[in-house]
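Visitor:
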Amino acid sequence: MAVTKEFLKEEREQAWRVDIRKLLKNKERTALTRVHMGEVDANERILSNIEVNTGLSEEEAVNEAKRCLDCPDPTCITGCPVEINIPKFIKRIEQGDYLKAAQVLKQTSALPAVCGRVCPQEKQCEAKCFYQLKMKKEPVAIGHLERFAADYERESGQISVPEVAKGNGVKIAVIGSGPAGLTFAGDMAKQGYDVTVFEALHEIGGVLKYGIPEFRLPNSIVDVEINSLTKMGVKFENNFIVGRTATIEDLKEEGFEAFFTGSGAGLPRFMNIPGENYIGILSSNEYLTRVNLMDAANPKTDTPVISGKNVAVIGGGNTAMDSVRTAKRLGAKRAMIVYRRSMEEMPARVEEVKHAQEEGIEFLNLTNPVEYFADENGRVNKMRVQKMELGEPDASGRRRPVVIEGSEYDIEVDTVVVSVGVSPNPLIPSSLPQLETTRWGTIVVDEEKLQTSIPEMFAGGDIVRGGATVILAMGDGRNAAAAMHNYLQDKLNA
Amino acid sequence: MKDLKTTYLGLSIKNPIVVGSSGLASTIGGIKKLANAGAAAIVLKSVFEEEIKAEAEQTVGQQLGMDENNLEFYDYYDYQVKNEVLENYVSLIREAKEAVDIPIIASINCSSYSEWVSFANKIEDAGADAIELNIFKLPFGINDEASEIEKVYFDIVRKVKERLSIPVGIKLAPYFTNLGNVINRLSHSGVSGLILFNRFTSVDYDIENDQVITGKVYSGADDYANTLRWVSISSNLAGCDIVASGGIHDYRTLVKMLLAGAASAEVVSAIYKEGPEVIGAMLKELEAWMERRNVNSINEFKGRLCQGKATNPEVFERVQFMRYFSGHKH
Chain A
1 MAVTKEFLKE
11 EREQAWRVDI
21 RKLLKNKERT
31 ALTRVHMGEV
41 DANERILSNI
51 EVNTGLSEEE
61 AVNEAKRCLD
71 CPDPTCITGC
81 PVEINIPKFI
91 KRIEQGDYLK
101 AAQVLKQTSA
111 LPAVCGRVCP
121 QEKQCEAKCF
131 YQLKMKKEPV
141 AIGHLERFAA
151 DYERESGQIS
161 VPEVAKGNGV
171 KIAVIGSGPA
181 GLTFAGDMAK
191 QGYDVTVFEA
201 LHEIGGVLKY
211 GIPEFRLPNS
221 IVDVEINSLT
231 KMGVKFENNF
241 IVGRTATIED
251 LKEEGFEAFF
261 TGSGAGLPRF
271 MNIPGENYIG
281 ILSSNEYLTR
291 VNLMDAANPK
301 TDTPVISGKN
311 VAVIGGGNTA
321 MDSVRTAKRL
331 GAKRAMIVYR
341 RSMEEMPARV
351 EEVKHAQEEG
361 IEFLNLTNPV
371 EYFADENGRV
381 NKMRVQKMEL
391 GEPDASGRRR
401 PVVIEGSEYD
411 IEVDTVVVSV
421 GVSPNPLIPS
431 SLPQLETTRW
441 GTIVVDEEKL
451 QTSIPEMFAG
461 GDIVRGGATV
471 ILAMGDGRNA
481 AAAMHNYLQD
491 KLNA
Chain B
1 MKDLKTTYLG
11 LSIKNPIVVG
21 SSGLASTIGG
31 IKKLANAGAA
41 AIVLKSVFEE
51 EIKAEAEQTV
61 GQQLGMDENN
71 LEFYDYYDYQ
81 VKNEVLENYV
91 SLIREAKEAV
101 DIPIIASINC
111 SSYSEWVSFA
121 NKIEDAGADA
131 IELNIFKLPF
141 GINDEASEIE
151 KVYFDIVRKV
161 KERLSIPVGI
171 KLAPYFTNLG
181 NVINRLSHSG
191 VSGLILFNRF
201 TSVDYDIEND
211 QVITGKVYSG
221 ADDYANTLRW
231 VSISSNLAGC
241 DIVASGGIHD
251 YRTLVKMLLA
261 GAASAEVVSA
271 IYKEGPEVIG
281 AMLKELEAWM
291 ERRNVNSINE
301 FKGRLCQGKA
311 TNPEVFERVQ
321 FMRYFSGHKH
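Which chain is which? The protein sequence lines are A and B, in order. In terms of full-length UniProt numbering, the first sequence opens at residue 1 and continues consecutively. In terms of full-length UniProt numbering, the second sequence opens at residue 1 and continues consecutively.
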């Protein structure tokens, strides 16, 4: 699906792009400073689930768009897993045609408003920006601009629905409604397939809804994208567990001819240290799903989570940050990150760490739990941790944590959220013994086509990658849709 | 019929040959073969902390995606590998206990203990008769004091004893500033046995290809001298079983170790070289020796030639060849 250089060159030579470039000299563009997106004050935002980042104004967006040099060799695109035509959409913003900018995004990205919020642009497109690579200056704020264009379109009420080919009557099942499944569904619907998305939970959106809190990605944003798919003819079945509610064989009998599995990585991992089964110790998956989707922050619900006063979150990824910031919003007096390496090695996005620090989250770095203790009712009340130091770099290039023997001490806790990663959802692989999987539970696919060992089944996202980003899952959805289309056409013509 | 009964880490065993920790005891099939060959107890293949780390790192190295976008997934992956390895190990202990009727000893090879606490309990729950801790840190740190390195051993023993009720043995390296002192103090620290000594992989050079290679893997029949010296020196004063390990390839060396005061002996290389049947052969010859020397039980001669009882104890402490060999001519 690689975008060719010739295509990009042709696009860049269109008259309107040439005109825009002429408006300012490159020196003038590079003299501009990067925009900084506004944020709700930390003291205010921890009292509710209000979105932290406030977005760009039109003026801010246009000024930022002016910084983009519209390079002849747009390296930024190579950093984007779905190869958004980045200079083109940015120049549309500079031109003031925000709706067209959004259309450019939608040509390759099914969820631009989502990606504008949760993509780690600093490691992807922005890391490949000319400013960053050649000038050692702050890159163009591509993520902020993406969010701006998508939000503008949504708020304008003029949401474009991609064109859909005439229905071909071929029924396709999508298992999982996360970013991979939604992207796949959209692309297949565009080509005229009869697509049904099966979702195990009661809400559509997968990890976008259950995993990412409202203050980072409001559910209403995801719903808008889902509505677009509905308008394109995609059907959704909630509370439907493929492999339990119905098997793949059952679905085949109902006429489904091909399947895309995007069932994600929803199986929590634990450390298996003593006391980890005490009441009050839960996985980040459970914690976030209950708060985000089941209103568990409300004490009057059937299954509320306890609003701990001393909450420790184990881990240093984005999920850990989401969990600890959620705990703060639920009223924790002491919301702590307990991470065995230092700040520098954390997998979480720099922005998430910064926001957490602003919100008063304590960071107990170079610290690792070794045991939990409970009161007479089996409820966790204490955590034993030990101090770590950094040793030589490991395979990830980061310095490895090394135990400082004899450094144990206890911390009072009443809630512990274990956020040390997740494993692929085992439901589909376990219900299909002939489906080839890796030793860590991911589905084996052909790298190009994303086709599994069962020819009519394709797969993508975390169930294949183990754990990755929203945009990579979306890239998989796109590639799988193109490959499945070819597969079905070949089958039809055989 | 001679009485070959003796002890290993305080456990009563039917004869003095214990199969030391090795790949020989990594499967139920292997364990059964060793038991059928006459082994008195089997130390299972060691769970290596370093191996777990290496496997986790290899996976992370191979799987880490573009721009480390899946770093969060692999950040604690070592725990996954560890849990998988440990679950398999616990299963092996359970199955071994069902398959054979001799003591099964678990073995952990670690450079620290704190992260192994929960596992020690699982080993006990799975039915292991004892646990052998193989603790060693190559003292690379030029600023590390010898006393600090020794302290790690005592801390580990204290923590293990707090947790476990099954016997605990420590397999020692011979590299201590004052080995005799460390052996003596550890033997009175609550452990049930000290195994002298651990065998490490060695480094060698391939001088034709300028390559650093792994040295000799197995011990040889002449490699027992250091073990014999220290078993002899320590057994009389030790507060626990002293177990010999290293270079025990035939009944003669086995007898020497017992005479030096070893309660029992761990054998590995000889079994690798000659097969499990070497155990039966050594036991048969041990009995024949006992017959020749007119002793009926191990206890009758165990420790007869330890330093404390020897008529010429100064030999054990002699380290230089002095005049004895100064006039030696080839």
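Where is the CB? At the ideal position from N, CA and C, for every residue including glycine. Since the structure is predicted, the reported quantities are computational estimates derived from the model, not experimental observations.
Can you give me the start and stop residues for the alpha helix (DSSP H) that lysine 100 of chain A sits inside?
Guide: As a first step, residue 100 of chain A is located in the first sequence; it is residue number 100 there, counting from the start. Segment 98-108, the alpha helix (DSSP H) holding lysine 100 of chain A.
Visitor: Does the Cβ of proline 455 of chain A have 16 or more other Cβ atoms within 10 Å, making it buried, or fewer, making it exposed?
Guide: Translated into positions along the first sequence, residue 455 of chain A becomes position 455. Its Cβ having fewer than 16 others within 10 Å, proline 455 of chain A is exposed.
Visitor: For glycine 466 of chain A, which residues in the same chain have their Cβ closer than 6 Å to its Cβ, ignoring the five residues on either side in sequence?
Guide: Mapped onto the first sequence, residue 466 of chain A falls at position 466. Result list for glycine 466 of chain A: Thr442, in chain order.
Visitor: Determine, using beta carbons only, whether alanine 57 of chain B comes closer than 8 Å to chain A.
Guide: As a working note, residue 57 of chain B is residue 57 in the second sequence. Alanine is not the amino acid found at residue 57 of chain B; the sequence shown has glutamate there. Taking Cβ atoms only, chain A reaches closer than 8 Å to glutamate 57 of chain B, which makes this a yes.
Visitor: At a Cβ threshold of 8 Å, is glycine 466 of chain A touching chain B?
Guide: Counting from one through the first sequence, the residue named residue 466 of chain A turns up at place 466. The beta-carbon of glycine 466 of chain A is placed less than 8 Å from the nearest beta-carbon of chain B.
Visitor: Of the choices A/Lys333, A/Ala348, A/Asn368 and A/Ala332, whose alpha-carbon is the least far from that of tyrosine 339 of chain A?
Guide: Start at 1 with the first residue of the first sequence, and residue 339 of chain A comes out as number 339. The shortest Cα separation from tyrosine 339 of chain A among A/Lys333, A/Ala348, A/Asn368 and A/Ala332 belongs to A/Asn368.
Visitor: Smallest Cα separation from lysine 137 of chain A: which of A/Val416, A/Arg34, A/Thr303 and A/Ile471?
Guide: On the first sequence, residue 137 of chain A is found 137 positions in, with the first residue counted as 1. For lysine 137 of chain A, the nearest C-alpha among the options comes from A/Arg34.
Visitor: Of all Cβ atoms in chain B, is any one closer than 8 Å to the Cβ of glutamate 155 of chain A?
Guide: Within the first sequence, numbered from 1, the residue matching residue 155 of chain A stands at position 155. Not one chain B Cβ lies under 8 Å of glutamate 155 of chain A.
Visitor: In the DSSP assignment, find the unbroken alpha helix (DSSP H) run with valine 140 of chain A in it and report its ends.
Guide: As a working note, residue 140 of chain A is residue 140 in the first sequence. Here valine 140 of chain A belongs to no alpha helix (DSSP H), and DSSP marks it neither H nor E.
Visitor: Between the C-alpha atoms of lysine 161 of chain B and alanine 120 of chain B, what's the straight-line distance to the nearest angstrom?
Guide: Numbered from 1 along the second sequence, position 161 holds the residue referred to as residue 161 of chain B. Numbered from 1 along the second sequence, position 120 holds the residue referred to as residue 120 of chain B. So the two alpha carbons sit approximately 10 Å from each other.
Visitor: Kindly indicate which three-state DSSP category phenylalanine 240 of chain A falls into: helix, strand or coil?
Guide: Counting from 1 along the first sequence, the entry for residue 240 of chain A is found at position 240. Coil at phenylalanine 240 of chain A, not helix or strand.
Visitor: Suppose you measure from the CA of glycine 127 of chain B to the CA of asparagine 15 of chain B; what does that come to, to the nearest Å?
Guide: Taking the second sequence and counting its residues from 1, one reaches residue 127 of chain B at position 127. Taking the second sequence and counting its residues from 1, one reaches residue 15 of chain B at position 15. The alpha-carbon atoms of glycine 127 of chain B and asparagine 15 of chain B are separated by roughly 21 Å.
Visitor: Look at the Cβ atom of isoleucine 242 of chain B, then the Cβ atom of glycine 261 of chain B, and state whether they are nearer than 8 Å.
Guide: Working through the second sequence from its first residue, we reach residue 242 of chain B at position 242. Working through the second sequence from its first residue, we reach residue 261 of chain B at position 261. In this structure, glycine 261 of chain B lies closer than 8 Å to isoleucine 242 of chain B by Cβ.
Visitor: Between B/Glu150, B/Leu4, B/Asp3 and B/Leu9, which has its C-alpha nearest proline 167 of chain B's C-alpha?
Guide: Taking the second sequence and counting its residues from 1, the one referred to as residue 167 of chain B is at position 167. The residue with the shortest Cα to Cα distance from proline 167 of chain B is B/Leu9.
Visitor: So, do the stretch 12-24 of chain A and the stretch 330-345 of chain A have three or more beta carbon pairs nearer to each other than 8 Å?
Guide: no
Visitor: Ignore the nearest five residues each way along the sequence and tell me which others in glycine 275 of chain B's own chain have a CB closer than 7 Å to its CB.
Guide: Taking the first residue of the second sequence as position 1, residue 275 of chain B is located at position 275. Closer than 7 Å at Cβ, skipping near neighbours: no residue.
Visitor: Does any CB atom of chain A fall closer than 8 Å to the CB of asparagine 178 of chain B?
Guide: Indexing the second sequence from 1 puts residue 178 of chain B at position 178. For asparagine 178 of chain B, the answer is no, since every Cβ of chain A falls outside 8 Å of its Cβ.
Visitor: Beta strand (DSSP E) containing aspartate 241 of chain B: first to last residue?
Guide: Residue numbering aside, residue 241 of chain B sits at position 241 when the second sequence is read from its first letter. That run of the beta strand (DSSP E) goes 241-245.
Visitor: Could you say which of A/Glu344, A/Val385, A/Glu408 and A/Gly262 lies nearest to phenylalanine 428 of chain A if we only look at CA atoms?
Guide: Stepping through the first sequence from its first residue, residue 428 of chain A is reached at position 428. Per the sequence shown, residue 428 of chain A should be read as isoleucine rather than phenylalanine. The shortest Cα separation from isoleucine 428 of chain A among A/Glu344, A/Val385, A/Glu408 and A/Gly262 belongs to A/Gly262.
Visitor: Measure from the alpha carbon of proline 112 of chain A to the alpha carbon of each residue in A/Cys76, A/Asn26, A/Asp151 and A/Asp194, then state which is nearest.
Guide: The residue labelled residue 112 of chain A in the question sits at position 112 within the first sequence. If we check each option's Cα against that of proline 112 of chain A, A/Asp151 comes out closest.
Visitor: Put residue 344 of chain B into one of helix, strand or coil per three-state DSSP.
Guide: The requested residue 344 of chain B does not occur in the structure, where chain B is confined to residues 1 to 330.
Visitor: When you compare the CB of glutamate 72 of chain B with every CB in chain A, is at least one pair closer than 8 Å?
Guide: Against the second sequence, residue 72 of chain B aligns to sequence position 72. Yes, contact with chain A.
Visitor: List the residues of chain B whose Cβ lies closer than 9 Å to the Cβ of valine 164 of chain A, in chain order.
Guide: Numbered from its first residue, the first sequence carries residue 164 of chain A at position 164. Within 9 Å Cβ-Cβ: nothing; valine 164 of chain A doesn't reach chain B, min ~31 Å.
Visitor: From the beta carbon of valine 60 of chain B, is the nearest beta carbon of chain A less than 8 Å away?
Guide: Residue 60 of chain B sits at position 60 when you count from the first residue of the second sequence. At least one chain A Cβ lies under 8 Å of valine 60 of chain B.
Visitor: Spatial neighbours of alanine 96 of chain B within its chain, please: CB distance less than 6 Å, with the 5 preceding and 5 following residues excluded, ordered by chain position.
Guide: Locating residue 96 of chain B in the second sequence gives position 96, where the first residue counts as 1. Listed in chain order, the non-local C-beta contacts of alanine 96 of chain B below 6 Å within the same chain comprise Ile31 and Ile104, local neighbours out to five positions each way being set aside.
Visitor: For glycine 23 of chain B, which of helix, strand or coil comes out of DSSP?
Guide: Numbered from its first residue, the second sequence carries residue 23 of chain B at position 23. In the structure shown, glycine 23 of chain B sits in a helix (DSSP, three-state: H, G or I).
Visitor: Kindly indicate which residue of A/Ser430, A/Met383, A/Gly308 and A/Ile306 has the alpha-carbon position closest to the one of isoleucine 241 of chain A.
Guide: Numbered from 1 along the first sequence, position 241 holds the residue referred to as residue 241 of chain A. Looking at A/Ser430, A/Met383, A/Gly308 and A/Ile306, the one whose alpha-carbon comes closest to that of isoleucine 241 of chain A is A/Ser430.
Visitor: Listing by chain order, which chain A residues have their CB less than 7 Å from the CB of asparagine 83 of chain B?
Guide: If you number the second sequence from 1, residue 83 of chain B lands on position 83. Going along chain A in sequence order, the residues near asparagine 83 of chain B (Cβ under 7 Å) are Asn272.
Visitor: Using C-beta distances below 7 Å, list every residue in its chain close to proline 74 of chain A, excluding the 5 sequence neighbours before and after it, in chain order.
Guide: Residue 74 of chain A sits at position 74 when you count from the first residue of the first sequence. Hits under 7 Å: Leu8, Ile86 and Pro87.
Visitor: List, in chain order, every chain A residue whose beta-carbon is nearer than 8 Å to that of glutamine 307 of chain B.
Guide: As a working note, residue 307 of chain B is residue 307 in the second sequence. Within 8 Å Cβ-Cβ: nothing; glutamine 307 of chain B doesn't reach chain A, min ~34 Å.
Visitor: Provide the residue span of the beta strand (DSSP E) that contains lysine 382 of chain A, from first to last.
Guide: Along the first sequence, read from residue 1 onward, the residue named residue 382 of chain A stands at position 382. First-last of the beta strand (DSSP E) with lysine 382 of chain A: 380-393.
Visitor: Tell me which residues share the same chain as threonine 469 of chain A and place their Cβ nearer than 7 Å to its Cβ, disregarding the 5 neighbours each side in the sequence.
Guide: Counting from one through the first sequence, the residue named residue 469 of chain A turns up at place 469. Result list for threonine 469 of chain A: Cys119 and Pro120, in chain order.
Visitor: Can you tell me which residues form a DSSP beta bridge with lysine 235 of chain A?
Guide: Here residue 235 of chain A is taken as the residue at index 235 of the first sequence, counted from 1. BP columns for lysine 235 of chain A point to A/Thr196.
Visitor: For asparagine 292 of chain A, is the classification buried or exposed, using 16 other Cβ atoms within 10 angstroms of its Cβ as the cut-off for buried?
Guide: Counted from its first residue, the first sequence places residue 292 of chain A at position 292. By the neighbour-count criterion, in which a residue is buried when 16 or more other Cβ atoms sit within 10 angstroms of its Cβ, asparagine 292 of chain A is buried.
Visitor: Mind checking whether aspartate 414 of chain A and valine 380 of chain A have CB atoms under 8 Å apart?
Guide: In the first sequence, counting from the first residue as 1, residue 414 of chain A sits at position 414. In the first sequence, counting from the first residue as 1, residue 380 of chain A sits at position 380. Against a cut-off of 8 Å, the Cβ pair of valine 380 of chain A and aspartate 414 of chain A comes out as a contact.
Visitor: Given a limit of 8 Å on CB to CB distance, which residues of the stretch 303-336 of chain A reach chain B?
Guide: Against chain B - using a Cβ distance shorter than 8 Å - the residues of the stretch 303-336 of chain A are Gly315, Gly316, Gly317, Asn318 and Thr319.
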